[in-house]
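Numbering (the working numbering), first residue to last: 73 to 165.
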């Protein structure tokens with residue numbers, strides 16, 4: 073049986089592949105087991121994308137509330153992406 077950690081790990085890797093295919097970011101990193109607010113960090117020449125990757129049907133209100141409080145540079149964007157039979161963006165700031 074697959075654990076929630078394994079399911080999340082697989083979806084993080086899938087999301088990284090998805091970002092790399094866009095070719096909009098020269099560097100895409102996974103924050104391995106960090107317990108940080110972001111699972112994926114993507115860098116371009118002028119932008120930073122900070123992403124929390126989730127799986128399931130939840131609304132993830134607590135996670136979004138935490139991200140809203142975090143101060144980031146103006147060139148950074150915070151997002152929460154959820155996979156549940158397809159990817160959907162649930163928070164974008």
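Cβ atoms here follow ideal geometry from the backbone N, Cα and C, with glycine treated the same way.
Remember, predicted model here, so these are calculated numbers, not experimental data.
{"Asked": "Neighbour-count burial assignment, residue 124, 16 or more Cβ in a 10 Å radius", "Found": "buried"}
{"Asked": "Distance, residue 150 Cα to residue 110 Cα", "Found": "9 Å"}
{"Asked": "Cβ neighbour criterion (16 or more within 10 Å) applied to residue 129", "Found": "exposed"}
{"Asked": "Residue from 156, 145, 136 whose Cα sits closest to the Cα of residue 164", "Found": "136"}
{"Asked": "Residue 81 and residue 127 closer than 8 Å at C-beta", "Found": "no"}
{"Asked": "Beta bridge counterpart(s) of residue 102 as assigned by DSSP", "Found": "112"}
{"Asked": "Inter-residue spacing [alpha-carbon to alpha-carbon] between residue 95 and residue 122", "Found": "16 Å"}
{"Asked": "Residue range of the alpha helix (DSSP H) that includes residue 90", "Found": "76-94"}
{"Asked": "Status (buried if at least 16 other CB within 10 Å, exposed otherwise) for residue 88", "Found": "buried"}
{"Asked": "Buried versus exposed, by CB contacts within 10 Å (16 or more), residue 104", "Found": "exposed"}
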